[in-house]
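Everything on this sheet refers to the single structure shown next.
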Amino acid sequence: MKYNKAFISAYVAGNLGDDLFIDVLCRRYPNVQFFILGSNKYKSYFSEIENLSYIGFNHYVSKIINRIEVFYFIMHFIISRFIKLNILVTGSIFEERGDYRKNMRKKKYNTSFFKDVYYLSCSMGEYKNESFINECKTVFSNVRDVCFRDSYSYDLFKDMSNIRVESDLIFQLQYDMKQPENYIVISVIDLESRDRLSSFEKEYLDKLRDIIIGLINDGKRIVLMGFCENERDHVGIEKLIKLLPEKYKSSTSVYMHDSIKGSLETLAKSSGVIATRFHSFVLAYVMNKPMYNIIYSSKTKNAINDLGNNIPNININQIDDLSISDVISALQSQPEYANNKLIPSSKNQFMFLNKVLETNAD
Numbered sequence: 001m002k003y004n005k006a007f008i009s010a011y012v013a014g015n016l017g018d019d020l021f022i023d024v025l026c027r028r029y030p031n032v033q034f035f036i037l038g039s040n041k042y043k044s045y046f047s048e049i050e051n052l053s054y055i056g057f058n059h060y061v062s063k064i065i066n067r068i069e070v071f072y073f074i075m076h077f078i079i080s081r082f083i084k085l086n087i088l089v090t091g092s093i094f095e096e097r098g099d100y101r102k103n104m105r106k107k108k109y110n111t112s113f114f115k116d117v118y119y120l121s122c123s124m125g126e127y128k129n130e131s132f133i134n135e136c137k138t139v140f141s142n143v144r145d146v147c148f149r150d151s152y153s154y155d156l157f158k159d160m161s162n163i164r165v166e167s168d169l170i171f172q173l174q175y176d177m178k179q180p181e182n183y184i185v186i187s188v189i190d191l192e193s194r195d196r197l198s199s200f201e202k203e204y205l206d207k208l209r210d211i212i213i214g215l216i217n218d219g220k221r222i223v224l225m226g227f228c229e230n231e232r233d234h235v236g237i238e239k240l241i242k243l244l245p246e247k248y249k250s251s252t253s254v255y256m257h258d259s260i261k262g263s264l265e266t267l268a269k270s271s272g273v274i275a276t277r278f279h280s281f282v283l284a285y286v287m288n289k290p291m292y293n294i295i296y297s298s299k300t301k302n303a304i305n306d307l308g309n310n311i312p313n314i315n316i317n318q319i320d321d322l323s324i325s326d327v328i329s330a331l332q333s334q335p336e337y338a339n340n341k342l343i344p345s346s347k348n349q350f351m352f353l354n355k356v357l358e359t360n361a362d
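So the sequence shown is numbered by full-length UniProt numbering: it starts at 1 and just counts up by one.
So, in structure tokens, the structure goes:
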């Protein structure tokens, strides 16, 4: 049976990486009408996707639906009466932190409500107890196809017949490259709002300040880029700007993600990327940009390990040891990333969806 409509479960919060997941999925299947729930605040982010129906709510109503289980239950039950296919497309959705039990219950609701459920480009975050893995297995057992984006996640569940691994969905992104301009994009996050990372905030910001000074002295301009306002990237950027000596501020500008087109163009026109956000690394790779990675999460480390390339990087807990000259050197080199296997692998995320969705894609 081929479906001509599907409901997308995703992280709809103005995050560039997750917005790109939705964009790539919808453009892959132009003959399918997709539906998604979200706050009206983010509706404009998807205005150029013609086959996506965005069911928007007042921002506070949207929060209530997500936070109060009974409202989430009712809303998704009603949707499942009209749409039989549910596609979850998001990144590090499985982590044993916060109110993870509620999140797992939501996954169970969806696997019981919808006739067919597929998971794309997901990965496992940190966990402490084997019971969490068993809980994930219970959820996965009711999903048609679970396609991870890294070997670490796959290895945890490879004994299950419906588990696969392919490269991240965004590696298949096709983008008309621009003539590079004389600026470096720096992806910045706010560490203070992240419990496990807040102790590294001073070292992180101080090092980025020193790197910015070094790059400007080397003749570059700087664009501080926030991928997600909802996760306070703009707060981290504001703190960083305050640390800059006055004479360097005129060579430093800010870009906050508010449209997929604008964000991709900002990255494409850059002459290099200092990546903290996971998808700033992925997009730099896709666009063949010189880059240096500051790893704050295992998902970036796992992806770099899978690629097997000598991609310059440092863990955030070692950032004090980072040499500014090493960063500048990395940004001056011309990389030769191996995309020949990544692109087909990324497209293979859709291998089983192709069997149930109307498509004219390769």
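From the three backbone atoms N, C-alpha and C, an ideal C-beta is built for every residue, glycine too.
If you follow the alpha helix (DSSP H) that residue 77 is part of, which residue opens it and which one closes it? 69 to 82
Helix, strand or coil for residue 177 per DSSP? coil
Just to confirm the assignment, what range does the beta strand (DSSP E) spanning residue 33 have? 33 to 39
Minimum C-alpha distance to residue 61 - residue among 71, 319 and 18: 71
C-alpha distance - residue 27 paired with residue 177, whole-angstrom precision: 19 Å
Quick one: residues in its chain with C-beta nearer than 6 Å to the C-beta of residue 211, no 5 flanking neighbours on either side, listed in chain order? 324 and 327
Alpha carbon to alpha carbon, what distance is there between residue 25 and residue 5? 12 Å
With a 10 Å radius around its C-beta and 16 neighbouring C-beta atoms as the bar for buried, classify residue 246 as buried or exposed. exposed
Kindly list the residues whose CB is nearer than 7 Å to the CB of residue 229, restricted to its own chain and excluding five residues on each side of it in sequence; keep chain order. 14 and 256
Mapping the DSSP letters down to three states, classify residue 301 as helix, strand or coil. helix
Taking all protein chains shown into account, decide if residue 53 is buried (16 or more other Cβ within 10 angstroms of its Cβ) or exposed. exposed
With DSSP collapsed to three states, give me the class of residue 13. coil
Please state the DSSP three-state secondary structure of residue 327. helix
Member of 303, 129, 274 and 348 whose CA lies at the smallest distance from the CA of residue 189: 274
Relative to the alpha-carbon of residue 109, which residue among 138, 334, 214 and 221 has its alpha-carbon at the smallest distance? 138
Candidates 270, 45 and 7: closest to residue 32 by CA position: 7
Close beta carbons around residue 83, own chain, < 7 Å, minus the five adjacent residues each side: 5, 6, 7 and 35
Residue 292 and residue 330 look like a contact to me (Cβ under 8 Å); what is the Cβ gap, rounded to whole Å? 5 Å
Who does residue 85 pair with in a DSSP beta bridge? 116
Please classify residue 290 as buried or exposed, where buried requires at least 16 neighbouring CB atoms within 10 angstroms. buried
Buried versus exposed call for residue 363 [16 or more other C-beta atoms within 10 Å across all chains shown]: The chain is shown from 1 up to 362; residue 363 falls before or after that span and cannot be answered.
Roughly how far, in whole angstroms, is the beta-carbon of residue 243 from the beta-carbon of residue 252, given that I think they are within contact range, below 8 Å? Not really, about 11 Å apart at Cβ, beyond 8 Å.
To the nearest angstrom, report how far apart residue 132 and residue 358 are at their CA atoms. 36 Å
How close, in whole Å, do the beta carbons of residue 46 and residue 64 come, if the pair is a contact with beta carbons under 8 Å? The pair is not a contact, with the Cβ atoms about 22 Å apart (cut-off 8 Å).
Just confirm the distance between the C-beta atoms of residue 239 and residue 205, as a whole number of angstroms; I'd bet it's less than 8 Å. 6 Å
Helix, strand or coil: which one does DSSP assign to residue 199? helix
Around the C-beta of residue 59, are 16 or more other C-beta atoms found within 10 angstroms, so that it is buried, or is it exposed? exposed
Is it the case that the Cβ atoms of residue 193 and residue 150 are separated by a distance below 8 Å? no
Helix, strand or coil for residue 104 per DSSP? helix
In the DSSP assignment, find the unbroken beta strand (DSSP E) run with residue 449 in it and report its ends. As shown, the chain starts at 1 and ends at 362. That puts residue 449 outside it, with no answer to give.
Which residues bound the beta strand (DSSP E) around residue 272? 272 to 275
Inter-residue spacing [alpha-carbon to alpha-carbon] between residue 322 and residue 55: 45 Å
Range covered by the beta strand (DSSP E) that runs through residue 255: 252 to 256
Residue 266 versus residue 185: straight-line alpha-carbon distance, rounded: 8 Å
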